[in-house]
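**Q** In my numbering, the protein residues as written are 2 to 186. Each residue gets a CB set at the ideal place from its N, CA and C atoms; glycine is no exception. Since we're looking at a predicted model, the values are computed, not measured.
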């Protein structure tokens with residue numbers, strides 16, 4: 002996330018092969034787009050530099066950003082949970098995102114959170130915090146809208162293996178999880 006100037010500065014520091022475009026036309030919040038070819042992907046991966054993100058606090062985006070490695074270069078990207086929130090907010094607030102592509106992006110964002118949670122190997126406290134964060138969001142208007150109109154349930158971002166395994170306290174599974182489900186209805 003950043004201004005057009007910040008995107009240009011970041012672009013100048015990147016040493017791996019990529020394409021960079023500024024001045025994106027239309028009403029999108031993009032200040033620039035980075036296009037990267039990655040092994041195993043037919044099409045280039047597009048990385049947006051955004052001036053802002055609907056429904057997500059800019060400070061939280063900065064604090065929770067995840068660092069990925071592309072050809073030995075570290076690149077900070079939006080945390081999967083923030084991405085999911087943003088995509089569901091987009092469906093709720095922006096008619097232009099209620100397309101097959103926008104709906105698919107939202108669906109994929111839920112799957113990305115699930116994959117992230119399976120891969121990260123969080124400790125119990127971290128896992129409970131993440132579940133609470135997703136649970137609070139599931140009770141919001143944007144999450145309910147996505148579930149009711151597009152059958153996109155952000156609670157599905159919490160892998161069944163985590164909920165049914167032994168990593169969570171029994172009291173959480175028997176008391177708190179049913180409360181989260183009830184609040185999300």
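When the Cα of residue 46 is compared with those of 22, 54 and 35, which residue comes out closest?
**A** The shortest C-alpha separation from residue 46 is found at 35.
**Q** Around the Cβ of residue 92, are there at least 16 other Cβ atoms within 10 angstroms (buried) or fewer (exposed)?
**A** A residue is called buried once 16 or more other Cβ atoms fall within 10 Å of its Cβ, and residue 92 is buried on that count.
**Q** Hey, quick one: how far does the alpha helix (DSSP H) through residue 43 stretch, first residue to last?
**A** Neither: residue 43 is in no alpha helix (DSSP H) and is coded neither H nor E.
**Q** Could you give the uninterrupted runs of the alpha helix (DSSP H) lying entirely in the stretch 130-165, keeping only those of 4 residues or more?
**A** For the stretch 130-165, whole alpha helix (DSSP H) runs of length 4 or above, ordered along the chain, are 142-151 and 161-165.
**Q** With DSSP collapsed to three states, give me the class of residue 37.
**A** strand
**Q** With a threshold of 16 other CB atoms inside 10 Å of the CB of residue 135, please say whether the residue is buried or exposed.
**A** Buried.
**Q** Within 10 Å of its beta-carbon, does residue 111 have 16 or more other beta-carbons around it, so buried, or fewer, so exposed?
**A** With at least 16 other beta carbons inside 10 angstroms of its own, residue 111 counts as buried.
**Q** So, helix, strand or coil for residue 54, using DSSP?
**A** coil
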